[in-house]
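Student: Going line by line, the protein sequences match chains H and A. Using our numbering, you'd call the opening residue of the first sequence number 99 and step up by one each time. Using our numbering, you'd call the opening residue of the second sequence number 99 and step up by one each time. We treat Cβ as the ideally placed atom computed from N, Cα and C, and that holds for glycine. A quick note: this is a predicted structure, and the numbers were derived from the prediction, not measured.
Number of protein chains: 2
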Amino acid sequence: MNTDTALAALAALSHPTRLEAFRLLVQHEPEGLSTGQLVDASGLSQSTFSTHLAVLAKAGLVKSEKRGRQFIQRAEIDALKGLMIFLAKDCCQGRAELCEPLLAELSCC
Amino acid sequence: MNTDTALAALAALSHPTRLEAFRLLVQHEPEGLSTGQLVDASGLSQSTFSTHLAVLAKAGLVKSEKRGRQFIQRAEIDALKGLMIFLAKDCCQGRAELCEPLLAELSCC
DNA sequence: AATACCTATCGGAAATATACGATGTGTACG
DNA sequence: CGTACACATCGTATATTTCCGATAGGTATT
Numbered sequence: 099m100n101t102d103t104a105l106a107a108l109a110a111l112s113h114p115t116r117l118e119a120f121r122l123l124v125q126h127e128p129e130g131l132s133t134g135q136l137v138d139a140s141g142l143s144q145s146t147f148s149t150h151l152a153v154l155a156k157a158g159l160v161k162s163e164k165r166g167r168q169f170i171q172r173a174e175i176d177a178l179k180g181l182m183i184f185l186a187k188d189c190c191q192g193r194a195e196l197c198e199p200l201l202a203e204l205s206c207c
Numbered sequence: 099m100n101t102d103t104a105l106a107a108l109a110a111l112s113h114p115t116r117l118e119a120f121r122l123l124v125q126h127e128p129e130g131l132s133t134g135q136l137v138d139a140s141g142l143s144q145s146t147f148s149t150h151l152a153v154l155a156k157a158g159l160v161k162s163e164k165r166g167r168q169f170i171q172r173a174e175i176d177a178l179k180g181l182m183i184f185l186a187k188d189c190c191q192g193r194a195e196l197c198e199p200l201l202a203e204l205s206c207c
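(1) Name the DSSP bridge partner or partners of S162 (chain H)?
(2) Among the candidates H:A202, H:A110, H:F147 and H:G141, whose CA atom is the shortest distance from the CA of D176 (chain A)?
(3) According to the Cβ coordinates, are S140 (chain A) and T103 (chain A) closer than 7 Å?
(4) Could you tell me which chain A residues have their CB closer than 7 Å to the CB of S112 (chain H), listed as they occur along the chain?
(5) Please determine, among A:A152, A:L178 and A:M182, the residue with the shortest C-alpha to C-alpha distance to Q171 (chain A).
(6) According to DSSP, is S140 (chain A) part of a helix, a strand, or is it coil?
(7) Looking at C-alpha atoms only, which residue of A:I183, A:D188 and A:K187 is the closest neighbour of A186 (chain H)?
(8) To which residues of the same chain is L142 (chain H) closer than 7 Å at the C-beta, ignoring the five residues directly before and after it?
(9) Which residues share a DSSP beta bridge with L131 (chain A)?
(10) Helix, strand or coil for A157 (chain H) per DSSP?
(11) S112 (chain H): buried (16+ other C-beta within 10 angstroms of its C-beta) or exposed?
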């Protein structure tokens, strides 16, 4: 993950609607949710949510798969992993002492 | 870290200038850098950078400490850690199988 | 073929973010 | 005390984001 990709992912997740949608999709891995289900959950208009979804897709955080006449959306866990590694490397580049407590807390889950 | 705090951190880091400044500060832990040094590194005007710095500070990612007539800025590693745990919990909430490969790659650093 | 359904895109209005120079506030130095 | 310095804030112009309704483009159903 390069800087531009990380910036796109951070910007995509920095909006309440998109963060909530992404979290919802992660919770529903690996089955995914249809776009309509996500629209309903968001409470926004269909068109507005569609643009939000496009932002998540462009950032590589969500992939869609055609299923009959609807689209099933799925969270890209690898993209989240990439973003976290990008952030972690900020503090780990040759400074393991900064990262150790981070890894210790992460291993709780 | 609650959702609002995470959103503020994500938004703060989603701008090239602010992400770069934060990474610079992480690299200079624990000594920190003066605001002026950060302004110079950014290439932006002093006032513009000051507002960017305020965003990082409001998100809790940077703390400043008065040092003579200048301010020393320091990265809050704990805030980064909190954000990463917030993101990790999205995929770990009772789904350890999603998180294992993440932790495996993170332990590299 | 006609219709109903699901989602994307267009057009436009309102809100927010971003940038700068100018100015204000406080601190050290002579 | 006066001056130079370090940083924040104000005022303002521009760009971007966000939202909606309306419309377009496919896909299944009848």
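Tutor: From the atom records:
(1) H:Q171
(2) H:A202
(3) no
(4) L105, L108, A109 and S112
(5) A:A152
(6) helix
(7) A:I183
(8) T115
(9) Answer is A:Q171.
(10) DSSP places A157 (chain H) in coil when its eight states are reduced to three.
(11) buried
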